[in-house]
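**Q** In the numbering used here, the protein residues as written are 301 to 661. Using N, Cα and C, we set each Cβ at its ideal position, and we do this for glycine too.
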Amino acid sequence: MMFRRLNRENEDINVEYTKISTLLNIMVTLFVESVICVILGYGGYLVYCGSFDAGQLVEYIGYFSAVVWPIMAVSMLIEKTSRGKASLNRITELLDAKVDVKDRGGVQDLPSIHGKIEFRNLTFRYPDGEYDVLKNVSFTIEPGESVGIVGKTGSGKTTIVDLLLRTYNVPDGTLFIDDHDVNTVSIHTVREGCAYVPQDNFLFSDTISGNISFAFDDENQEAIEDAAMMSDVHDNIAEFKEGYRTVLGERGVTVSGGQKQRISIARALMKHAPILILDDSVSAVDTRTERTILDNLKKREGLTTILIAHRISTVEQMDKIVFVEDGEVHAVGKHEDLYRTCTAYRKMVDLQKLEEEAGEE
Numbered sequence: 301m302m303f304r305r306l307n308r309e310n311e312d313i314n315v316e317y318t319k320i321s322t323l324l325n326i327m328v329t330l331f332v333e334s335v336i337c338v339i340l341g342y343g344g345y346l347v348y349c350g351s352f353d354a355g356q357l358v359e360y361i362g363y364f365s366a367v368v369w370p371i372m373a374v375s376m377l378i379e380k381t382s383r384g385k386a387s388l389n390r391i392t393e394l395l396d397a398k399v400d401v402k403d404r405g406g407v408q409d410l411p412s413i414h415g416k417i418e419f420r421n422l423t424f425r426y427p428d429g430e431y432d433v434l435k436n437v438s439f440t441i442e443p444g445e446s447v448g449i450v451g452k453t454g455s456g457k458t459t460i461v462d463l464l465l466r467t468y469n470v471p472d473g474t475l476f477i478d479d480h481d482v483n484t485v486s487i488h489t490v491r492e493g494c495a496y497v498p499q500d501n502f503l504f505s506d507t508i509s510g511n512i513s514f515a516f517d518d519e520n521q522e523a524i525e526d527a528a529m530m531s532d533v534h535d536n537i538a539e540f541k542e543g544y545r546t547v548l549g550e551r552g553v554t555v556s557g558g559q560k561q562r563i564s565i566a567r568a569l570m571k572h573a574p575i576l577i578l579d580d581s582v583s584a585v586d587t588r589t590e591r592t593i594l595d596n597l598k599k600r601e602g603l604t605t606i607l608i609a610h611r612i613s614t615v616e617q618m619d620k621i622v623f624v625e626d627g628e629v630h631a632v633g634k635h636e637d638l639y640r641t642c643t644a645y646r647k648m649v650d651l652q653k654l655e656e657e658a659g660e661e
């Protein structure tokens, strides 16, 4: 409700500003044109009387226009400067924002990451939060495992990977990578060891090749196509007239939502990181394409895959499923075991099946 109210207030302010600005422009323009008409009328009369010649009249109008329009431009400049200053203040506020997440003294750079991740009774609250969003979260991901994290919206799934990526500070002794407390490992090492595909996939106004190889200075076409094949987007790219040289519009408007997700996955795969995190990154693709992508990921040896999903069908074949509800891990195991032993998980599966059947009808 607060978000809606703030947007409505912002809309009302902008509408009011537009009305005032438009009215002011009309009044100023009307005033200038009226003065010119008066000059023409009175000047014409003086020319008719012989006390003024036509050349002087034209010259006078020219001088008037040369003086008036710059004055109007100054008023517009003042307005733009005021708006620009407000924008600059917002940018400066962002640039000057205090960095809360940073390396402590004595952290180490690991030569490599194998992909083991362990959460030990992790409880977390956002810096300005009023309640814990994660409560005593505990589970282990072995190197090379594929793990699905499922749960209702707002259950804390994305927060789990945010902490793994060191977006927020993590309590000591609660999160480990390769048996090292994450707070004793440099942030650079942790993030270099992870390839992340967020919910909101951002594509640049660049070629498809440029978007996939964004993190690299040179475009290795063979590696780009290999990543595109693994994300099952190669055939779609080949259908474009320019292929991989096709320039995408701003935020990838040239391609569909599913293609955008798969290009983002290809970009992450280009990194060859030992840990791949997909945050609801196959929600816009059909079931067949989804299965193809997940099967391709299993072929990459040693890749630890974490997939956050809303659809249970997306993670059914994963090595392990972590079921999260209200910030707590309610159950961990394979799909069949959770369906048999966890009532909340079984209800969620059955409900989704009913929704799918209703949608087909």
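Looking at the structure shown, is Leu422 part of a helix, part of a strand, or coil, going by DSSP?
**A** Here Leu422 sits in strand by DSSP.
**Q** Identify every residue that forms a DSSP beta bridge with Ser446.
**A** Answer is Thr605.
**Q** Helix, strand or coil: which one does DSSP assign to Phe623?
**A** Of the three classes helix, strand and coil, the one that applies to Phe623 here is strand, per DSSP.
**Q** Whole alpha helix (DSSP H) runs in the region 488 to 524 with 4 or more residues, listed along the chain?
**A** Complete alpha helix (DSSP H) runs here, min 4: 508 to 512.
**Q** Using the beta-carbon count (16 or more within 10 Å), is Pro574 buried or exposed?
**A** Label assigned to Pro574: buried.
**Q** Here's the rule: buried if 16 or more other CB atoms are within 10 angstroms of the residue's CB, otherwise exposed. What is Val450?
**A** With 16 or more Cβ atoms within 10 Å of its Cβ, Val450 is classed as buried.
**Q** Where Arg308 and Ile320 are concerned, what is the direct C-alpha to C-alpha distance, given to the nearest angstrom?
**A** When rounded, the distance between both Cα atoms is 18 angstroms.
**Q** How long is the line joining the alpha carbons of Glu628 and Ala528, rounded to whole angstroms?
**A** So the alpha carbons of these two residues sit roughly 36 angstroms apart.
**Q** Name, in chain order, the residues that DSSP records as bridge partners for Phe476.
**A** Paired residues: Glu418 and Asp481.
**Q** Indicate the three-state DSSP secondary structure (helix, strand or coil) for Phe439 in the structure shown.
**A** If DSSP states are grouped into helix, strand and coil, Phe439 belongs with the strands.
**Q** Comparing alpha-carbon positions, which option in Glu379, Val533 and His610 lies nearest Thr318?
**A** For Thr318, the nearest C-alpha among the options comes from Glu379.
**Q** Among residues of its own chain, excluding the 5 on either side of Tyr372, which ones have a beta-carbon nearer than 7 angstroms to its beta-carbon?
**A** Just to set this straight, residue 372 is Met in the shown sequence, not Tyr. Around Met372: Val328.
**Q** Can you grab the Cα-Cα spacing for the pair Lys416 / Cys494, in whole Å?
**A** Approximately 12 angstroms between the Cα atoms of the pair.
**Q** So, does the region 479 to 496 touch the region 395 to 413, judging by three or more C-beta pairs under 8 angstroms?
**A** Yes: at least three Cβ pairs fall under 8 angstroms.
**Q** Could you tell me the distance, in whole angstroms, from the CA atom of Leu463 to the CA atom of Tyr426?
**A** Going by the C-alpha atoms only, they are around 11 angstroms apart.
**Q** Between which two residues does the beta strand (DSSP E) harbouring His630 extend?
**A** Its beta strand (DSSP E) spans residues Glu628 to Gly633.
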